[in-house]
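Numbering (UniProt numbering), first residue to last: 1 to 970.
Here a beta-carbon is modelled for each residue, glycine too, at the ideal position from N, C-alpha and C.
Notes follow the structure.
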Amino acid sequence: MVFCTYCGQSFTRDEHLERHILTHTNVKPFKCFTCHMSFARRDLLQRHYTVHGRDNNNQEGLPPNNGMIPKSAGRTPIACSNCAKTKTKCDKKFPCSRCAGRNLRCTLRPTRRQSKGVHRPAVNGESTGSTSSSEQGANLTPSGSTGNSPQPQPQSQSQASHNHSQQPSQQNSQHSSPETKPLMDGPAGFFDQSPPMTSGVLPNTVLSPLPTPGTGFVQHTPMSGYDDFIRTRDGDGSADASPRFMMEWAHMSMPQGFETMGRPDLMMSGGMGLDLNGLPTDPHGDGSMLTMIPELSQALPSVQTPIATPRLDGTLSEMELGSGGMYFPGTRHTSISEPSTGGDMGAIISAQDAWSCFRCTPPLPSSSCPKTARQNLEKLEQSLRNHEGWSKWRPTWNEADFASGENLSVINLQESTRDKLLAITQTFLHKALDIHKGDGNSPSGAASPGSTSSNFVLLPPARVLEYFLRSYANSFERYFPMTSRGTLDANELMQNYNDKASSLLVLMMIAQGAMVIPSMDARWLTGGLTEACRISLFDLIEKNITMASDTLVLHSALLFTVQAAWSGDKWQMDIAMGQRGMYFAMLRHSGILEPRHAPTPPAHHNTQDGLWNDWIQQENQSRLIYSWVMVDQDMSLFHDTSPLFSVTEFGAPMPDSDRLWQAKTANEWSSIFEQVHEFGSGYSALGSGARPLSLRDLFRQFLDDEIVAQGIELTPLHLRLLLHPLQSLVVQYCQLLSCFSDTLASRQRTRAVTAASTRVRLEEVQSLLQRWYDLADRYLKANPMCVLMQANMVMFHLISLNAVTNFPEIERLARRESFDGTYQQLVWIHKRCISDVEDAIYHCGQVLRLIRSMPRGIRPPWWPAAVYRVGLILWTDSLTHNESITPSSGMFPVAGPSFAVDALPAEHPLIVRYLTKREGVPTLTKRDGSQIPLDHAFTVLSHCVDLIDEGLATRFSDGIRSKLQKLARG
Numbered sequence: 001m002v003f004c005t006y007c008g009q010s011f012t013r014d015e016h017l018e019r020h021i022l023t024h025t026n027v028k029p030f031k032c033f034t035c036h037m038s039f040a041r042r043d044l045l046q047r048h049y050t051v052h053g054r055d056n057n058n059q060e061g062l063p064p065n066n067g068m069i070p071k072s073a074g075r076t077p078i079a080c081s082n083c084a085k086t087k088t089k090c091d092k093k094f095p096c097s098r099c100a101g102r103n104l105r106c107t108l109r110p111t112r113r114q115s116k117g118v119h120r121p122a123v124n125g126e127s128t129g130s131t132s133s134s135e136q137g138a139n140l141t142p143s144g145s146t147g148n149s150p151q152p153q154p155q156s157q158s159q160a161s162h163n164h165s166q167q168p169s170q171q172n173s174q175h176s177s178p179e180t181k182p183l184m185d186g187p188a189g190f191f192d193q194s195p196p197m198t199s200g201v202l203p204n205t206v207l208s209p210l211p212t213p214g215t216g217f218v219q220h221t222p223m224s225g226y227d228d229f230i231r232t233r234d235g236d237g238s239a240d241a242s243p244r245f246m247m248e249w250a251h252m253s254m255p256q257g258f259e260t261m262g263r264p265d266l267m268m269s270g271g272m273g274l275d276l277n278g279l280p281t282d283p284h285g286d287g288s289m290l291t292m293i294p295e296l297s298q299a300l301p302s303v304q305t306p307i308a309t310p311r312l313d314g315t316l317s318e319m320e321l322g323s324g325g326m327y328f329p330g331t332r333h334t335s336i337s338e339p340s341t342g343g344d345m346g347a348i349i350s351a352q353d354a355w356s357c358f359r360c361t362p363p364l365p366s367s368s369c370p371k372t373a374r375q376n377l378e379k380l381e382q383s384l385r386n387h388e389g390w391s392k393w394r395p396t397w398n399e400a401d402f403a404s405g406e407n408l409s410v411i412n413l414q415e416s417t418r419d420k421l422l423a424i425t426q427t428f429l430h431k432a433l434d435i436h437k438g439d440g441n442s443p444s445g446a447a448s449p450g451s452t453s454s455n456f457v458l459l460p461p462a463r464v465l466e467y468f469l470r471s472y473a474n475s476f477e478r479y480f481p482m483t484s485r486g487t488l489d490a491n492e493l494m495q496n497y498n499d500k501a502s503s504l505l506v507l508m509m510i511a512q513g514a515m516v517i518p519s520m521d522a523r524w525l526t527g528g529l530t531e532a533c534r535i536s537l538f539d540l541i542e543k544n545i546t547m548a549s550d551t552l553v554l555h556s557a558l559l560f561t562v563q564a565a566w567s568g569d570k571w572q573m574d575i576a577m578g579q580r581g582m583y584f585a586m587l588r589h590s591g592i593l594e595p596r597h598a599p600t601p602p603a604h605h606n607t608q609d610g611l612w613n614d615w616i617q618q619e620n621q622s623r624l625i626y627s628w629v630m631v632d633q634d635m636s637l638f639h640d641t642s643p644l645f646s647v648t649e650f651g652a653p654m655p656d657s658d659r660l661w662q663a664k665t666a667n668e669w670s671s672i673f674e675q676v677h678e679f680g681s682g683y684s685a686l687g688s689g690a691r692p693l694s695l696r697d698l699f700r701q702f703l704d705d706e707i708v709a710q711g712i713e714l715t716p717l718h719l720r721l722l723l724h725p726l727q728s729l730v731v732q733y734c735q736l737l738s739c740f741s742d743t744l745a746s747r748q749r750t751r752a753v754t755a756a757s758t759r760v761r762l763e764e765v766q767s768l769l770q771r772w773y774d775l776a777d778r779y780l781k782a783n784p785m786c787v788l789m790q791a792n793m794v795m796f797h798l799i800s801l802n803a804v805t806n807f808p809e810i811e812r813l814a815r816r817e818s819f820d821g822t823y824q825q826l827v828w829i830h831k832r833c834i835s836d837v838e839d840a841i842y843h844c845g846q847v848l849r850l851i852r853s854m855p856r857g858i859r860p861p862w863w864p865a866a867v868y869r870v871g872l873i874l875w876t877d878s879l880t881h882n883e884s885i886t887p888s889s890g891m892f893p894v895a896g897p898s899f900a901v902d903a904l905p906a907e908h909p910l911i912v913r914y915l916t917k918r919e920g921v922p923t924l925t926k927r928d929g930s931q932i933p934l935d936h937a938f939t940v941l942s943h944c945v946d947l948i949d950e951g952l953a954t955r956f957s958d959g960i961r962s963k964l965q966k967l968a969r970g
């Protein structure tokens with residue numbers, strides 16, 4: 001009696017123990033000399049040799065291997081073809097002695113399968129010479145099934161068409177599992193509205209012996225790799241069934257699009273990041289593989305991973321099992337986070353399901369997400385060490401992406417400025433690395449402060465930094481105009497009295513500009529600079545509390561908050577949401593929110609240049625204050641929370657006209673100032689200290705409907721700021737309405753009156769939104785459309801959507817929380833999610849139309865989130881479309897002319913008719929002009945994915961795209 005030193009299992013013979021130990025050590029001493037694949041047992045190698053003994057025409061024999069006879073378990077070698085034809089004795093070697101002596105080509109015939117107690121008759125039409133033994137072991141038909149296998153049910157239409165399109169040698173290789181009728185009393189599978197699969201999509205390879213569950217998300221996935229991953233149970237349950245997973249992938253027939261599955265060097269490369277080292281390789285494994293598919297963990301037996309399964313290197317985080325990207329149209333701009341382009345950081349991709357917002361998929365606990373701070377810093381250091389790569393780097397943007405022209409002119413960086421910035425960047429990076437040196441999630445430790453390698457890094461060349469600053473000016477500055485005189489001069493910023501504060505601001509500008517450039521080096525630069533500047537920004541304030549009211553520090557904090565909130569990195573997004581309250585408090589405590597009564601300026605300030613410089617300082621404060629207001633509005637809207645600021649806090653004057661802000665000389669500024677603030681009776685406005693109203697006063701005028709009557713000229717920035725208090729009111733009343741019970745209580749009268757009054761108040765807010773729209777329309781009739789005005793209109797429609805939808809409930813429906821799958825409950829949830837379907841569809845279409853009209857390179861950072869919200873609202877409405885319900889039932893609008901709700905302006909007659917008379921059939925529009933109906937959930941989400949693909953790929957847009965794609969797959 002011998003025992004295993006690893007698990008203590010007992011064996012009676014030494015050779016049994018030797019073979020068992022291989023399951024623990026993973027040593028595979030038996031190697032195939034043709035393909036170099038290793039096996040743990042000799043019989044597995046002998047069985048593997050049958051793969052190399054044939055081609056598609058079955059004309060190749062086995063390679064000679066010292067006369068080895070490939071005798072597998074349950075099979076007996078038979079005579080070669082020549083000996084069988086002449087009915088002579090064959091020694092069953094290869095080549096056999098008779099063929100070798102007569103100089104004949106020895107061809108091995110397929111072995112026959114031995115039956116166990118049951119005679120299996122031949123199946124009509126079965127080609128005996130076209131498949132190998134390993135394939136025939138799984139080819140079962142209803143007429144030829146053994147007693148150990150259940151009778152299969154008739155296959156579905158999609159399975160039948162799939163089998164019909166296969167080669168004759170593969171027609172019988174599929175075995176349908178018994179159908180399971182879903183427990184629903186509504187239309188069958190209203191969540192399963194994806195197109196049926198065709199023969200050109202699903203591979204015939206069996207990857208793991210898992211049965212298909214009857215219900216669950218995996219069953220409804222239209223393009224999921226899980227379908228193949230779990231379609232594994234052979235037709236019979238006999239123990240001697242041929243192990244199809246032993247066939248070499250390179251010799252299998254792969255459908256179009258799956259050719260790389262036959263290339264281990266491509267599919268299993270380190271860049272893919274799949275790590276199955278933790279999966280059990282012995283029959284007594286713990287089945288940890290099922291943790292990747294939670295639905296299967298309760299319904300399936302333990303997984304037995306074949307010993308001959310190839311080892312894969314890397315981590316699982318960078319590979320999306322069952323990715324359906326190949327299903328969608330090929331017009332997508334390739335994302336640099338895909339494996340084909342090198343892959344983004346796996347920790348960021350794996351944490352997408354753990355985002356604290358945009359949760360349409362089952363959430364992942366934050367505790368299970370790897371930290372990314374140190375990896376971001378090390379990727380930054382790795383990128384900055386690539387001096388040769390940066391010297392050859394060129395931007396990948398297209399000038400057409402900035403269709404509206406340059407917003408600011410960027411001054412060339414001086415070498416002294418770059419050297420000064422480099423020295424301070426070194427201290428920021430080393431401080432951050434030192435703080436995170438205890439993080440154990442670092443993929444490489446060579447770049448840590450305690451390593452022997454040099455920690456000296458170089459910034460990219462000045463030419464590259466100027467590209468990033470230009471990108472910042474073209475994207476961020478259009479929505480948060482903070483740079484005066486129409487010129488961005490980093491050299492002047494670096495001459496500030498505080499080197500660290502000015503360096504923080506310039507570095508955050510560079511990071512913000514690099515975020516929208518689809519380059520892996522740019523992503524690494526953005527993530528690392530954001531983390532390093534976050535730490536140094538907090539350290540700067542902590543060491544000198546007076547810096548909390550410094551405009552440079554508050555400006556840097558603004559850039560960090562925007563950058564981190566839309567970074568696509570879970571941890572940076574969470575930090576931005578958590579620290580925004582701290583920066584808001586700093587802004588309040590600085591005292592700049594209240595109006596200031598400036599003292600009489602000195603005599604030398606009464607000159608034109610002095611007045612201009614004083615005005616620029618005051619305007620700079622106003623723009624900083626109200627940029628924070630817009631950040632508060634953006635983050636609260638997309639996180640479905642109340643804004644932190646109140647309109648009553650803002651007594652400081654709002655920003656003045658952009659023409660004044662962009663004036664390049666004092667003379668130009670003074671002439672424009674006289675036009676903007678024109679005084680009657682010939683008085684000059686210069687020196688009067690005229691300033692715009694505060695947001696508090698402007699909103700009071702708005703409520704009194706006095707803006708037009710008083711002749712107050714509004715700018716796009718003023719219109720955007722007016723949306724902040726309107727959004728606060730919508731959130732307040734919608735949250736209150738969601739608190740009312742849906743069931744009748746004993747005090748029904750009191751409850752009903754309270755709910756009704758709240759709805760009336762919400763309708764009043766909707767009328768205020770319509771008043772805002774009238775003001776915006778009045779402005780657009782007199783001024784051309786700009787990107788800031790386009791963003792304002794998108795925000796207006798999103799706020800209006802919040803008034804007629806309950807988006808948190810929609811996301812809960814997408815996650816299938818508290819949902820039993822019945823159609824009746826779906827209809828009830830639909831009414832809770834969308835109170836006015838026609839109004840919601842109209843606003844959704846306008847959001848898509850406006851986003852499409854924006855140039856790709858200068859869209860606001862939150863535009864993928866807007867597409868996400870629109871996609872989920874349209875998806876929710878499409879779920880209730882049922883062919884058995886006629887339009888006359890009143891649930892759907894009366895049939896009328898179809899119109900593209902995302903292509904027509906709001907004042908179009910078809911739109912007006914749809915909103916007033918509820919007539920018409922809204923559709924979506926593709927880029928080629930074809931229309932997409934709104935009654936199919938899968939096509940609606942696929943269309944939204946295509947819209948995201950049309951824009952520039954960022955980490956945030958990739959995360960939103962992944963979520964919509966997963967929801968579309970089921």
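Neighbour-count burial assignment, His387, 16 or more Cβ in a 10 Å radius: exposed
Could you tell me if Gln512 is buried or exposed, where buried requires 16 or more neighbouring beta carbons within 10 angstroms of its beta carbon? buried
If you draw a straight line from the C-alpha of Leu717 to the C-alpha of Leu788, how long is it? 8 Å
Simplified DSSP assignment, three categories, for Leu554: helix
Compare the beta carbon distance of Lys92 and Pro77 with 7 Å and say whether it is the shorter of the two. yes
Would you mind sorting Asp774 into buried or exposed? The rule is 16 or more other CB atoms within 10 Å of its CB. exposed
Under 7 Å, do Gln965 and Val940 count as touching if we go by C-beta distance? no
If you measure between the beta carbons of Leu554 and Leu529, is that distance less than 7 Å? no
Just how far apart, CA to CA, sit Asn806 and Ile948? 23 Å
Are the Cβ atoms of Val827 and Thr880 separated by less than 7 Å? yes
Which residues does DSSP pair with Ile834 in a beta bridge? Thr805
Could you give the C-beta distance for Pro481 and Arg623, rounded to a whole number, given that I count them as a contact under 8 Å? 6 Å
Option in Val647, Arg969, Leu723 and Leu729 with minimal Cα separation from Asp697: Val647
7 Å CB neighbourhood of Asp574 in its chain, flanking five on each side removed: Ser356
For Leu469 and Ala501, which I take to be in contact (beta-carbon distance under 8 Å), what is that distance rounded to the nearest angstrom? So it is not a contact: roughly 18 Å between Cβ atoms.
Report the rounded CA-to-CA distance for Leu207 versus Leu364, giving the unit in angstroms. In this prediction, Leu207 has a pLDDT of 33, which is less than 50 and means its spatial position is unreliable; what the coordinates show is noted afterwards. Spanning the two alpha carbons is a distance of roughly 26 Å.
Buried or exposed for Leu722, going by 16 or more other Cβ atoms inside 10 Å? buried
For Ala900, name the three-state secondary structure that DSSP assigns. strand
Could you check if Arg478 is buried or exposed, using at least 16 other CB atoms within 10 Å of its CB as the buried criterion? buried
Rounded to whole angstroms, what's the CA-CA distance from Cys369 to Leu377? Just pull it up for me. 18 Å
Quick one: what's Ser567 bridged to in DSSP? Partner(s): none; Ser567 has no beta bridge.
Relative to the C-alpha of Ala373, which candidate in Leu429, Arg385, Pro362 and Leu384 has its C-alpha closest? Leu429
Measure the alpha-carbon distance for Cys32 versus Ser38 and round it to whole angstroms. 6 Å
Assigned secondary structure, Ile616 (DSSP; H/G/I helix, E/B strand, else coil): helix
Residue of Lys379, Phe560 and Trp772 minimising C-alpha distance to Asp704: Trp772
Close-in-space but distant-in-sequence residues of the same chain around Asp419 (CB under 8 Å, 5 per side omitted): none
With distance defined between alpha-carbon atoms, name the residue in Ala756, Thr361, Gly929 and Ile349 nearest to Phe956. Ile349
Counting along the chain, where does the alpha helix (DSSP H) carrying Val921 start and finish? Element bounds for Val921: not the alpha helix (DSSP H) but the beta strand (DSSP E), Glu919 to Thr925.
Taking buried to mean at least 16 other C-beta atoms within 10 Å of its own C-beta, is Lys917 buried or exposed? exposed
Look at Trp524 and Ser383 and say whether their C-beta atoms are less than 7 Å apart. yes
What residue range does the alpha helix (DSSP H) around Pro352 cover? The amino acid at residue 352 is misidentified as Pro; the sequence shows Gln. Looking at the DSSP string, Gln352 is not in any alpha helix (DSSP H), and its letter there is neither H nor E.
How big is the Cα-Cα spacing for Cys786 and Ser471? 18 Å
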